[in-house]
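Trainee:
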Amino acid sequence: MTDLSIRPPKAASPAGAMPFSRLLLYCAMLIFVPVLLALSQGLTINNLFALLVSVLSIGGLAAMLLQFALAGRIPRFTRWAGIDNAMRLHRKTGEILALFFLLHPFLLVLPRFFVAPQLALSDLWTTFTATETATGFYAMSIMVVLVLASIFRDRLPMSYEAWRVSHGLGFAVVMILATDHAITNGRHGVYNNWFDAMWVILCALAVASILDAYLLRPWRLKKRPFKVVSVNQASDRDRILTIEKDGDFDFDFKAGQFLWINTSGHVGNRTDHPFSIASTPQNMPRLSFVIRNLGDYTSGLDKLEPGQTVYLDGPHGDFTLDAAKGNSIVLIAGGAGIGPILGLLRQLNANKDPRSIHLYYGSRTEKDVVAWDEIEQIIATMENFKATKILEITNEEEAVAEKGYINQALLSRTLDKDQINDASFYVCGPPVMLEAVVHDIKKLGVPSSRVIFEHLTF
Ligand SMILES: Cc1cc2nc3c(=O)[nH]c(=O)nc-3n(C[C@H](O)[C@H](O)[C@H](O)COP(=O)(O)OP(=O)(O)OC[C@H]3O[C@@H](n4cnc5c(N)ncnc54)[C@H](O)[C@@H]3O)c2cc1C
1 MTDLSIRPPK
11 AASPAGAMPF
21 SRLLLYCAML
31 IFVPVLLALS
41 QGLTINNLFA
51 LLVSVLSIGG
61 LAAMLLQFAL
71 AGRIPRFTRW
81 AGIDNAMRLH
91 RKTGEILALF
101 FLLHPFLLVL
111 PRFFVAPQLA
121 LSDLWTTFTA
131 TETATGFYAM
141 SIMVVLVLAS
151 IFRDRLPMSY
161 EAWRVSHGLG
171 FAVVMILATD
181 HAITNGRHGV
191 YNNWFDAMWV
201 ILCALAVASI
211 LDAYLLRPWR
221 LKKRPFKVVS
231 VNQASDRDRI
241 LTIEKDGDFD
251 FDFKAGQFLW
261 INTSGHVGNR
271 TDHPFSIAST
281 PQNMPRLSFV
291 IRNLGDYTSG
301 LDKLEPGQTV
311 YLDGPHGDFT
321 LDAAKGNSIV
331 LIAGGAGIGP
341 ILGLLRQLNA
351 NKDPRSIHLY
361 YGSRTEKDVV
371 AWDEIEQIIA
381 TMENFKATKI
391 LEITNEEEAV
401 AEKGYINQAL
411 LSRTLDKDQI
421 NDASFYVCGP
431 PVMLEAVVHD
441 IKKLGVPSSR
451 VIFEHLTF
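Counting from 1, position 119 in the sequence shown corresponds to residue 119 in UniProt numbering; the numbering is continuous, with no gaps.
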């Protein structure tokens with residue numbers, strides 16, 4: 001038995017359908033399109049400061065519109081961009097935009113502090129209190145509140161679902177107010193009406209995406225209901241939810257993807273939760289999920305009755321075998337991360353995949369381990385498959401397990417050099433474990449393109 005030490009995790013960058021940096025670049029280019037349009041249509045720029053203010057104002061509004069696409073679960077867009085990337089960019093952009101919006105009135109007045117300082121404060125006061133700028137002021141205030149609520153979401157006395165509804169609807173209001181402000185106060189309206197029309201159309205599209213999420217998508221999902229088959233205890237802290245198709249419709253997915261599950265019985269109810277599929281397409285019409293008891297919803301899973309209707313939004317995500325390169329696959333699961341990793345392992349087993357496969361499954365105690373019997377059966381039947389169980393806390397009877405955490409020392413001791421140089425690493429687990437493990441894999445010299453991972457949080 002080896003004692004493996006833990007080091008503090010360092011930040012990792014997620015892998016998705018495309019690298020995060022490329023999505024960032026495309027979005028940055030899109031944001032500049034309205035700025036360039038404005039310049040080509042006669043927006044006059046007198047100095048560098050005026051250019052900066054125009055870029056921040058016009059680009060800021062464009063970035064806010066893009067936020068609706070990034071978080072909108074639009075299947076084609078999320079497949080292209082990678083849902084993990086899209087959600088990450090949405091979060092980061094939101095924080096930066098709140099700062100821009102907050103600075104916007106100050107930036108406009110800033111030159112006055114140099115040219116006519118005695119008038120600057122009264123100008124600033126007018127900017128905040130004038131009737132013409134009221135919609136801008138309201139947009140800025142609501143936005144700052146919404147962004148702060150997102151940053152401190154976990155500390156608010158509010159359920160995740162209530163937060164999500166207030167976030168979506170709140171930003172639709174901010175968008176309408178900000179668009180009104182841009183077309184009534186923005187300088188471009190003075191010289192070109194079609195520019196205003198463009199903002200109104202884009203704003204309408206953004207608001208329509210929210211209406212789609214609340215009204216049309218539920219209607220689409222209603223056409224493909226599933227029903228609960230069973231909820232079984234899988235470990236001290238995990239349960240296996242099994243559902244099956246309740247009708248004749250197409251439902252395609254790839255092992256490792258995830259779905260938003262709505263078990264409220266009402267398709268329009270926005271209380272859906274994301275869970276990774278632990279089964280494979282071969283198991284259809286059934287789907288199964290390993291669900292860890294983590295909060296209000298997951299602790300109430302036992303209340304689900306067999307036959308109860310379930311609606312699914314998805315599948316989403318790129319945590320699939322399509323991303324695998326090379327002749328080896330390393331699967332790494334921590335805690336609740338075993339769900340999608342089991343999905344991938346079951347798929348590799350069903351395909352009789354000839355590549356060398358090694359599973360590392362980290363868990364706090366033996367009692368939290370899920371599906372180890374099945375994993376042992378796969379070890380017995382699949383020659384090219386190995387599995388290592390790593391427990392944080394063990395007792396004497398469990399002396400066969402590795403003790404501690406999945407880290408660089410364990411990986412370099414149990415994988416041979418060829419595997420490290422060739423394998424695709426799939427990692428899923430809680431945020432701290434995920435970041436630490438991805439960091440350690442990279443320290444082994446594995447490039448980001450061969451590290452595929454799934455966050456269990458957005
Ligand atoms: C892509 C993805 C795949 C996941 N796969 C699995 C899985 O296979 N097995 C598993 O056990 N867990 C999985 N999770 C995590 C799971 O969604 C949360 O644990 C669950 O939603 C918690 O809900 P709760 O009300 O019980 O807990 P809470 O205490 O209410 O929430 C705990 C945390 O979970 C997140 N969360 C809560 N509700 C939602 C929601 N409706 N939508 C998004 N995030 C939410 C929030 O970050 C919150 O802080 C996955 C998460 C994501 C993003």
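Heads up, the beta-carbon is just placed ideally off N, CA and C, and yes, glycines get one too. Everything numeric in this text was worked out from a predicted model, so none of it was measured.
Between the beta-carbon of Tyr426 and the beta-carbon of Ile291, is there less than 9 Å?
Mentor: Not a contact, by the Cβ cut-off of 9 Å.
Trainee: Please go through the segment 302-351 and give each complete beta strand (DSSP E) segment of 3 or more residues, from N-terminal end onward.
Mentor: Those beta strand (DSSP E) runs which fall completely within the segment 302-351 and span 3+ residues are 309-316, 328-334.
Trainee: Can you find the residues in the same chain that come closer than 8 Å, C-beta to C-beta, to Ile74, ignoring five residues on each side of it along the sequence?
Mentor: Once the five neighbours on either side are set aside, the close Cβ partners of Ile74 are Ser209.
Trainee: Taking Cβ to Cβ, would you say Glu402 is nearer than 9 Å to Leu411?
Mentor: Not in contact: Glu402 and Leu411 (Cβ atoms no closer than 9 Å).
Trainee: Between the segment 353-364 and the segment 377-395, do at least 3 Cβ pairs fall closer than 8 Å?
Mentor: Yes, the segment 353-364 touches the segment 377-395.
Trainee: Excluding sequence positions up to five away, which residues of its chain have a Cβ less than 6 Å from the Cβ of Leu56?
Mentor: Answer for Leu56: Phe100, listed in chain order.
Trainee: Under the DSSP definition of a beta bridge, which residues are partnered with His439?
Mentor: Note: His439 sits in no beta bridge, so no partner.
Trainee: Could you give the DSSP three-state label for Arg220: helix, strand or coil?
Mentor: Of the three classes helix, strand and coil, the one that applies to Arg220 here is helix, per DSSP.
Trainee: Throw me the rounded Cβ distance for the residue 471 and Ala278 pair, which I believe falls under 8 Å.
Mentor: Only positions 1 to 458 of the chain appear in this structure, which leaves residue 471 out of reach.
Trainee: Should Pro117 go down as buried or exposed, given a rule of 16 or more other Cβ atoms within 10 Å for buried?
Mentor: Answer is exposed; the Cβ neighbour count stays below 16.
Trainee: Any chance the segment 195-204 sits against the segment 22-41, with 3 or more Cβ pairs inside 8 Å?
Mentor: A contact exists between the segment 195-204 and the segment 22-41.
Trainee: Can you tell me the Cα-Cα spacing of His455 and Leu415, whole angstroms?
Mentor: Distance between the alpha carbons of His455 and Leu415 is about 24 Å.
Trainee: Does DSSP put Met18 in a helix, in a strand, or in coil?
Mentor: Of the three classes helix, strand and coil, the one that applies to Met18 here is coil, per DSSP.
Trainee: Near Glu95, which residues of its chain fall below 8 Å by C-beta distance, leaving aside the five closest residues on each side in sequence?
Mentor: So the qualifying residues of the chain are Val147, Ile151.
Trainee: Any chance the segment 245-264 sits against the segment 134-149, with 3 or more Cβ pairs inside 8 Å?
Mentor: As far as the Cβ criterion goes, the segment 245-264 does not touch the segment 134-149, which means the pair count is below three.
Trainee: Once the 5 residues before and after Gly59 are set aside, which same chain residues still bring their CB inside 6 Å of it?
Mentor: Hits under 6 Å: Ile31, Val35.
Trainee: Does DSSP put Thr271 in a helix, in a strand, or in coil?
Mentor: Thr271 falls in the coil class under three-state DSSP.
Trainee: Using DSSP's beta-bridge definition, name the partner residues of Val231.
Mentor: Beta-bridge pairing links Val231 to Leu241.
Trainee: Using the Cα positions of residue 506 and Asp313, report the straight-line distance between them to the nearest angstrom.
Mentor: Only positions 1 to 458 of the chain appear in this structure, which leaves residue 506 out of reach.
Trainee: Here's the rule I'm using: 16 or more other beta-carbon atoms within 10 Å means buried, otherwise exposed. How should Ile332 be labelled?
Mentor: Answer is buried; the Cβ neighbour count reaches 16.
Trainee: For Pro447, is the classification buried or exposed, using 16 other Cβ atoms within 10 angstroms of its Cβ as the cut-off for buried?
Mentor: Label assigned to Pro447: exposed.
Trainee: Assess, as a yes-or-no matter, whether the segment 314-325 is touched by the segment 254-263 under the definition of 3 or more beta carbon pairs within less than 8 Å.
Mentor: Contact between the segment 254-263 and the segment 314-325 is present, because at least three Cβ pairs lie under 8 Å.
Trainee: By the DSSP assignment, the alpha helix (DSSP H) with Tyr160 in it spans what residues?
Mentor: Unbroken alpha helix (DSSP H) run through Tyr160: 160-185.
Trainee: According to DSSP, is Tyr426 helix, strand or coil?
Mentor: Residue state, collapsed to three classes: strand.
Trainee: Compute the Euclidean distance between the alpha carbons of Glu244 and Ser159, then round it to the nearest angstrom.
Mentor: If you take the alpha carbons of Glu244 and Ser159, they lie about 28 Å apart.
Trainee: When the Cα atoms are used, what is the spatial distance from Pro157 to Asp296?
Mentor: Going from the Cα of Pro157 to the Cα of Asp296 covers about 13 Å.
Trainee: What residues in its chain sit with their C-beta under 8 Å from that of Glu132, if we drop five residues either side in the sequence?
Mentor: Answer for Glu132: Thr184, Asn185, listed in chain order.
Trainee: If you draw a straight line from the C-alpha of Thr93 to the C-alpha of His104, how long is it?
Mentor: Rounded to the nearest angstrom, the two C-alpha atoms are 16 Å apart.
Trainee: In the DSSP assignment, the beta strand (DSSP E) including Phe253 goes from what residue to what residue?
Mentor: Segment: none, Phe253 is in no beta strand (DSSP E) and carries neither H nor E.
Trainee: From residue 459 to Leu177, what distance separates their C-alpha atoms?
Mentor: Any answer about residue 459 is impossible in this case: the structure gives the chain only from 1 up to 458.
Trainee: Near Gln408, what residues of its chain come up, given a Cβ to Cβ distance below 7 Å and the 5 sequence neighbours on each side ignored?
Mentor: The answer, listed in chain order, is Asp440, Lys443, Leu444.
Trainee: Using beta-carbon positions only, say whether Leu348 and Glu374 come within less than 9 Å of one another.
Mentor: Their beta carbons are not under 9 Å apart, which means Leu348 does not touch Glu374 by this criterion.
Trainee: To the nearest angstrom, report how far apart Thr309 and Lys227 are at their CA atoms.
Mentor: The straight-line gap from Cα to Cα measures roughly 4 Å.
Trainee: For His273 versus Thr78, is the C-beta spacing smaller than 9 Å?
Mentor: Not a contact, by the Cβ cut-off of 9 Å.
Trainee: Rounded to the nearest angstrom, what separates Ala206 and Ser21 at their Cα positions?
Mentor: If you take the alpha carbons of Ala206 and Ser21, they lie about 24 Å apart.
Trainee: Cα separation between Ala172 and Thr263?
Mentor: One C-alpha to the other measures close to 27 Å.
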